[in-house]
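Q:
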Amino acid sequence: MTNVVSRESFAARIWRKTLDGVGVKVGFAWIGLLVFTAVFSPFLANSMPLLMSKDGVISAPVLKYLSVEDVWVLANFFLALIIYRLRIAVGKRVLLFLLGSALIAVFANLLIKPPALVIYDDFRTPAYTQVDWRIMPPIPYAPTDYLRDMVSKGLEAPFARQGHVHLMGTEENGADVLSRMIHACRIALSIGLIASGIALFIGVIVGGLMGYFSGIVDMLGMRLVEIFEDIPTLFLLLTFVAFFGRSLYMMMVIIGVTGWSGYARFVRTEFLKLRKQDYVQAAVASGLPLTSILFRHMLPNGVAPLLVSVSFGIAGAILAEATLSFLGLGVVDAPSWGAMLDQAVKSSSFNWWMAVFPGGAIFMTVFAYNLIGEAFRDAIDPKLSGKGEGV
Amino acid sequence: MSQSLLEVRNLRTYLQSGGREVRAVDDVSFSIPKGDTFCLVGESGSGKSVSALSVIRLLPQGVASHPTGEILFNGQDLLKLDDPGIRAVRGSQIAMIFQEPMTSLNPVLTIGEQITEALQIHHPNMSDEEAQERTMLALEQVQIPQASGRFRDYPHQLSGGQRQRVMIAMALACEPQLLIADEPTTALDVTVQAEILRLMRKLQDDTGMSMLFITHDFGVVAQMAQWVGVMQQGKLVEVGPSSAVLHNPQHAYTKQLLAALPENLAKPVHLQTLRQLEQETESKPLLQIRDLKVWFPIKKGVFRHTVDYVRAVDDVSLDVPQGQIVALVGESGCGKTTLGRAVLQLEPPTSGSIQIDGQELIGLSARELRPMRRKMQIAFQDPQSSLNPRLLVETTLTEPMKVHGIGANHEERIELASVLLESVQLNRDFLWRYPHEFSGGQRQRIGLARALALNPEFIVCDEITSALDVSVQAEILQLLLNIRQQRNLTLLFITHNIGVVEYLSDQTVVMYQGKIVERGKTAQVCGQPQHPYTQKLLSAVPRLVV
Chain A
29 MTNVVSRESF AARIWRKTLD GVGVKVGFAW IGLLVFTAVF SPFLANSMPL LMSKDGVISA
89 PVLKYLSVED VWVLANFFLA LIIYRLRIAV GKRVLLFLLG SALIAVFANL LIKPPALVIY
149 DDFRTPAYTQ VDWRIMPPIP YAPTDYLRDM VSKGLEAPFA RQGHVHLMGT EENGADVLSR
209 MIHACRIALS IGLIASGIAL FIGVIVGGLM GYFSGIVDML GMRLVEIFED IPTLFLLLTF
269 VAFFGRSLYM MMVIIGVTGW SGYARFVRTE FLKLRKQDYV QAAVASGLPL TSILFRHMLP
329 NGVAPLLVSV SFGIAGAILA EATLSFLGLG VVDAPSWGAM LDQAVKSSSF NWWMAVFPGG
389 AIFMTVFAYN LIGEAFRDAI DPKLSGKGEG V
Chain B
5 MSQSLLEVRN LRTYLQSGGR EVRAVDDVSF SIPKGDTFCL VGESGSGKSV SALSVIRLLP
65 QGVASHPTGE ILFNGQDLLK LDDPGIRAVR GSQIAMIFQE PMTSLNPVLT IGEQITEALQ
125 IHHPNMSDEE AQERTMLALE QVQIPQASGR FRDYPHQLSG GQRQRVMIAM ALACEPQLLI
185 ADEPTTALDV TVQAEILRLM RKLQDDTGMS MLFITHDFGV VAQMAQWVGV MQQGKLVEVG
245 PSSAVLHNPQ HAYTKQLLAA LPENLAKPVH LQTLRQLEQE TESKPLLQIR DLKVWFPIKK
305 GVFRHTVDYV RAVDDVSLDV PQGQIVALVG ESGCGKTTLG RAVLQLEPPT SGSIQIDGQE
365 LIGLSARELR PMRRKMQIAF QDPQSSLNPR LLVETTLTEP MKVHGIGANH EERIELASVL
425 LESVQLNRDF LWRYPHEFSG GQRQRIGLAR ALALNPEFIV CDEITSALDV SVQAEILQLL
485 LNIRQQRNLT LLFITHNIGV VEYLSDQTVV MYQGKIVERG KTAQVCGQPQ HPYTQKLLSA
545 VPRLVV
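If you read the protein sequences in the order shown, they are chains A and B. One rule links them: number in the numbering used here = place in the first sequence (from 1) + 28. One rule links them: number in the numbering used here = place in the second sequence (from 1) + 4.
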């Protein structure tokens, strides 16, 4: 047998094949842009100067006003970059990241005390304007800065007024739409990732146990899966919002807890198949412990099809949040794309910039995740990868 | 030599694969006289199937190209025909049957419909009644019992051998002049293979058709072919009348292939003396199986109550003496693999007793079983699935050692693992590679190394050479004998290949439908079989007497 051998690992090969198409590159570029915007949103769109020098004293007002959440997100981003650089096993990386992230959360809560009240109008008083020099963010408006001092009439089309440039216009309260779009990235990204993360965690465990043990465990598990499949997520969300008020975290948990059944089915099928594989049998015959068999020998081989459905699941979670916000039941205090669409519909006249930009962003994000999901699916499909190789 | 029906001249077939061009068939010329059988032999990847597919033009057009070559069929160059032209030839004048009878038939159509359809495509004027009549005749011709009753059967209602008969019936319904058979019996049991081969020879005598027969099995070649072509890496290295090629091979590669057949392998001398020793002092049994049953329940109805059992292993008692190789022979579905797995407690037995070194295995919990696992290991058939594709060879080898406390630390275990790789004649740097970087033979060696990692006394080898080419099989068999010699291993060698049994084993056990029908010293069982089933099995083996 003279097989063509390659030095590429399985994961590297899947990755290369995934990135083969044009669509998936667009998808990853868009998600990358979103991640960048979400992490650095206070520096991209804010009313206060990034850096200024007044009477020879250099200060950074933005840093002073950073919230606990801002700091946590920023620190997590750099933590992730560092961990990506380390050459350790995937499991250890995840553990390290979770640990670091929790530590950062604790310290950020203890140490960061931003001013309770921010009056954006102050930043346009001489205290901040009559300076030696200052650097403003690219979008010099905060998302909740309603520009009352500027006698703004809300609902201005892009480039409608000389002097104040609003690239995407303003909404009915006079806040800059682009700034709100930028700050809404965080919700869109986090709801998708965290809700899917919760669903994935439950799904893998339940599905893995069903697939490995089969028999009675499988039967009970499948009934549980069927129960959860029958729960209408949107109406459960509505009910919870009605009872407990609006909270982003509650939304994430509910979407996660009701969304795992599909993953469980996937993992179960994979595990049923993998259990009969010779290398799993060999692992059993070697007397390896159950955790090793499940998580080292089976899960990594069964996880690839899961990635496909996860990327579709993230898109679904983003849509669910957008739907809820569109119905006026989303988060109140922070801007969100769905809520912006809701504003567009509710205003008396049709203002295209209020609908096109958030709508386009939701569309692009869901589209990007679907493109990535499709590319993953094609990359792991052995029927497609075997095409034209050795007849 | 009569006039040739098919003449292939300087055929080259290049395949595009991921930006590379593979010379699958490289300057091949041969001819098939009317009424004769031409066998293309070679190992996997040698281009024999691609040659056949080129003849019938079944290769995907964007992928395959023919830079040079002529395929003259009745004087007409098939490579120059347009699509309607080749369709007129395909099926009606040249027919083809494939290796896998499972997937070659459409599962949602009855076999009658499929043959009738093939007939009516090539004879548009044929009436339904006539087509059905011809179909029935064809089914009778391939000796399907009660052909008229099977007309409305679906493929899943037939056995593998019957499906292959239906395939042949379909191919022959239009009375082609040339039948291309691509490994038609490889997926079948040896007794079924013997029947199919006999049938094909008879049909050839009756119809006078020619055959292009592709196989990797020299035994089959000896039975079927008037002419043989030996292929190696796309080139036809030797071609000639079959008796000349098989008994007096000229090319080095042909000689090498023939020498690698298990029946031609030279047995190591020290082994023979060892066996004589053993025959004098019968060693004590390492593994004792008593009344072992592995039954799988068949459940039916709303309450899934058990209506019957599949008796995969039924009342088997067997002793495997220390230091011997016991071969377990039988056809597919006879329960030999289930027995092997039941011994290792990979398949829970229904009842019975399995003792290794005098210690009972049945009834032990997973925790109690763990220390016993060190003593017994298993090696598998399929090189594709026997190694975890996500783990380095190093992890595959050292993880069991760690669990069982072999080696004081990681460095020591890595050293042990590299020694293991060397003992299966692999480079120690292979520790740091992934399974897909290896060939099938190399993977089987790694699989053996894994089985040896815990220093077991007993290994179940489940068809470990069945998926390999004959030359690689020979290397693995020799390696296995060496290792057995060094480590005083006891092996239960599960196989369906009688040649391998004769070469390797001290004792032979024949299984049939879950029961042991015959056992004894290999020479005795293979030389003077007592049980009618053993006799049938042995007589069905295609042999190449050199």
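Every residue gets a Cβ at the ideal spot worked out from N, C-alpha and C, and that includes glycine.
Taking 9 Å as the cut-off, decide whether the C-beta atoms of Val12(B) and Ile101(B) are in contact.
A: Counted from its first residue, the second sequence places residue 12(B) at position 8. Counted from its first residue, the second sequence places residue 101(B) at position 97. In this structure, Ile101(B) does not lie closer than 9 Å to Val12(B) by Cβ.
Q: Under the three-state reduction of DSSP, which class applies to Arg13(B): helix, strand or coil?
A: Indexing the second sequence from 1 puts residue 13(B) at position 9. In this structure, Arg13(B) counts as strand in the three-state DSSP scheme.
Q: Can you list, in chain order, the residues of its chain whose CB lies under 8 Å from that of Glu284(B), leaving out five sequence neighbours each side?
A: The residue you call residue 284(B) lines up with position 280 of the second sequence. Confidence at Glu284(B) is low in this model, with a pLDDT of 48, below 50, so the placement of that residue should be treated as unreliable; the coordinate-derived value is given next. Excluding sequence neighbours, Glu284(B) sits near nothing in its chain.
Q: I believe Asp177(A) touches Ala203(A) by the beta-carbon criterion, under 8 Å. Please report the beta-carbon distance rounded to the nearest angstrom.
A: Taking the first sequence and counting its residues from 1, one reaches residue 177(A) at position 149. Taking the first sequence and counting its residues from 1, one reaches residue 203(A) at position 175. The pair is not a contact, with the Cβ atoms about 13 Å apart (cut-off 8 Å).
Q: Could you tell me whether the Cβ atoms of Phe268(A) and Met278(A) are closer together than 9 Å?
A: Taking the first residue of the first sequence as 1, we reach residue 268(A) at position 240. Taking the first residue of the first sequence as 1, we reach residue 278(A) at position 250. The answer is yes: Cβ separation under 9 Å.
Q: Residues of chain B with CB closer than 7 Å to the CB of Ala313(A), please, in chain order.
A: The count along the first sequence starts at 1 and reaches residue 313(A) at position 285. Residues of chain B passing the Cβ test: Leu348, Leu350, Arg377, Gln381, Ile382.
Q: Report the neighbours of His408(B) on chain A: residues whose CB is nearer than 9 Å to its CB, in chain order.
A: Within the second sequence, numbered from 1, the residue matching residue 408(B) stands at position 404. Those are Ser314, Gly315, listed as they occur along chain A.
Q: According to DSSP, which residues form a beta bridge with Phe42(B)?
A: Translated into positions along the second sequence, residue 42(B) becomes position 38. BP columns for Phe42(B) point to Leu216(B), Trp231(B).
Q: For the candidate residues Ser337(A), Gly273(A), Met164(A), Asp83(A), whose alpha-carbon lies nearest to that of Ala292(A)?
A: Translated into the one-based positions of the first sequence, residue 292(A) becomes position 264. Closest option to Ala292(A), Cα to Cα, is Ser337(A).
Q: In this structure, does DSSP put Lys271(B) in helix, strand or coil?
A: Along the second sequence, read from residue 1 onward, the residue named residue 271(B) stands at position 267. In the structure shown, Lys271(B) sits in coil (DSSP, three-state: anything other than H, G, I, E or B).
Q: Could you check the C-alpha separation between Ser369(B) and Ala313(A) for me, to the nearest Å?
A: In the second sequence, the residue the question calls residue 369(B) occupies position 365. In the first sequence, the residue the question calls residue 313(A) occupies position 285. Ser369(B) and Ala313(A): Cα-Cα distance of roughly 14 Å.
Q: Name the residue from Ala407(A), Leu94(A), Met382(A) whose alpha carbon lies nearest to the alpha carbon of Leu195(A).
A: The residue labelled residue 195(A) in the question sits at position 167 within the first sequence. When each option's Cα is compared against that of Leu195(A), the closest is Met382(A).
Q: Is the beta carbon of Arg274(A) sitting closer than 9 Å to the one on Leu347(A)?
A: Within the first sequence, numbered from 1, the residue matching residue 274(A) stands at position 246. Within the first sequence, numbered from 1, the residue matching residue 347(A) stands at position 319. Against a cut-off of 9 Å, the Cβ pair of Leu347(A) and Arg274(A) comes out as no contact.
Q: Could you name the residues that DSSP lists as bridge partners for Ser87(A)?
A: Reading the first sequence from its first residue, position 59 is the one you call residue 87(A). Note: Ser87(A) sits in a beta bridge opposite Met80(A).
Q: Taking DSSP as the reference, what is the three-state secondary structure of Ile98(B)?
A: Position 94 of the second sequence, counted from the start, is the residue given in the question as residue 98(B). It is a strand residue.
Q: Check whether the Cβ atoms of Met515(B) and Gly334(B) sit closer than 9 Å, and answer yes or no.
A: Taking the second sequence and counting its residues from 1, the one referred to as residue 515(B) is at position 511. Taking the second sequence and counting its residues from 1, the one referred to as residue 334(B) is at position 330. Contact: yes.
Q: Taking Leu183(A) and Ala66(A) to be in contact with their CB atoms under 8 Å, please state how far apart those CB atoms are, rounded to whole angstroms.
A: For this step, residue 183(A) is matched to residue 155 along the first sequence. For this step, residue 66(A) is matched to residue 38 along the first sequence. Actually they are not in contact, since the Cβ atoms of Leu183(A) and Ala66(A) sit about 27 Å apart, beyond 8 Å.
Q: Could you check what DSSP says for Asp177(A) in three-state terms: helix, strand or coil?
A: What you label residue 177(A) is simply residue 149 of the first sequence in a count that begins at 1. Looking at Asp177(A) - three-state DSSP - the assignment turns out to be helix.
Q: What number of angstroms, rounded off, separates the C-alpha of Asp186(B) from the C-alpha of Lys52(B)?
A: Numbered from its first residue, the second sequence carries residue 186(B) at position 182. Numbered from its first residue, the second sequence carries residue 52(B) at position 48. Asp186(B) and Lys52(B): Cα-Cα distance of roughly 9 Å.
Q: If you count every other CB in all the chains shown that lies within 10 Å of the CB of Gln539(B), and 16 or more means buried, which is it?
A: Counting from 1 along the second sequence, the entry for residue 539(B) is found at position 535. Exposed, since its Cβ has fewer than 16 Cβ neighbours within 10 Å.
Q: Can you check which of these residues, Glu403(B), Phe222(B), Ile366(B), Met140(B), is closest to Asp473(B) by C-alpha distance?
A: Counting from one through the second sequence, the residue named residue 473(B) turns up at place 469. Of the listed residues, the one whose Cα sits closest to Asp473(B) is Phe222(B).
Q: Leaving out the 5 sequence neighbours to the left and right, which residues in its chain are closer than 8 Å to Leu203(B) when beta-carbon positions are compared?
A: For the purposes of this step, residue 203(B) is taken as residue 199 along the second sequence, with counting starting at 1. Hits under 8 Å: Val146, Gln147, Arg169, Ile172.
Q: So Asp386(B) contacts chain E; which residues on that side make the cut at Cβ distance below 8 Å?
A: Among the protein chains of the structure shown, namely A and B, there is no chain E.
Q: Could you give the first and the last residue of the continuous alpha helix (DSSP H) run that contains Ser247(B)?
A: The residue labelled residue 247(B) in the question sits at position 243 within the second sequence. Unbroken alpha helix (DSSP H) run through Ser247(B): 246-251.
Q: For Ser247(B) and Gly51(A), I'd like the C-alpha separation in whole angstroms.
A: Counting from one through the second sequence, the residue named residue 247(B) turns up at place 243. Counting from one through the first sequence, the residue named residue 51(A) turns up at place 23. Cα to Cα, Ser247(B) sits roughly 60 Å from Gly51(A).
Q: Glu254(A) bridges to which residues according to DSSP?
A: Taking the first residue of the first sequence as 1, we reach residue 254(A) at position 226. Paired residue(s): none; Glu254(A) is not in a bridge.
Q: Distance cutoff 9 Å, beta carbons only. Does Glu403(B) sit that close to anything in chain A?
A: Taking the second sequence and counting its residues from 1, one reaches residue 403(B) at position 399. Interface residue, yes.
Q: Along the chain, where does the alpha helix (DSSP H) containing Ala130(A) start, and where does it finish?
A: On the first sequence, position 102 is the one that residue 130(A) refers to. It spans 118-139 - the alpha helix (DSSP H) in which Ala130(A) sits, taken as one unbroken run.
Q: If we count the other Cβ atoms within 10 Å of its Cβ and call it buried at 16 or more, is Lys288(B) buried or exposed?
A: Counted from its first residue, the second sequence places residue 288(B) at position 284. So Lys288(B) counts as exposed.
Q: Under 9 Å, Cβ to Cβ, is there at least one residue of chain A near Glu284(B)?
A: On the second sequence, residue 284(B) is found 280 positions in, with the first residue counted as 1. Confidence is the limiting factor: at Glu284(B) the pLDDT is only 48, short of 50, which leaves the residue's position unreliable, though a coordinate-based value still follows. No, Glu284(B) does not count as interfacial toward chain A.
Q: Closer than 6 Å by C-beta to Phe34(B): which residues in its own chain qualify, once you throw out the five before and the five after it? Chain order, please.
A: The sequence position of residue 34(B) within the second sequence is 30, counting from 1. Once the five neighbours on either side are set aside, the close Cβ partners of Phe34(B) are Val12, Gly233, Val243.
Q: Does the beta-carbon distance from Glu545(B) to Ile502(B) come in below 9 Å?
A: The residue given as residue 545(B) occupies position 541 in the second sequence. The residue given as residue 502(B) occupies position 498 in the second sequence. Checking the sequence, you will find Val at residue 545(B) rather than Glu. Cβ distance < 9 Å, so Val545(B) and Ile502(B) count as in contact.
Q: Which residues share a DSSP beta bridge with His309(B)?
A: Taking the first residue of the second sequence as 1, we reach residue 309(B) at position 305. DSSP output for His309(B) lists Lys304(B) as bridge partner(s).
Q: Could you check if Met235(B) is buried or exposed, using at least 16 other CB atoms within 10 Å of its CB as the buried criterion?
A: In the second sequence, the residue the question calls residue 235(B) occupies position 231. The residue in question, Met235(B), is buried, as its Cβ has 16 or more Cβ neighbours within 10 Å.
Q: Arg374(B) touches chain A at which residues, Cβ-Cβ below 7 Å?
A: To locate residue 374(B), count along the second sequence from 1; it is residue 370. Chain A residues near Arg374(B): Gly315.
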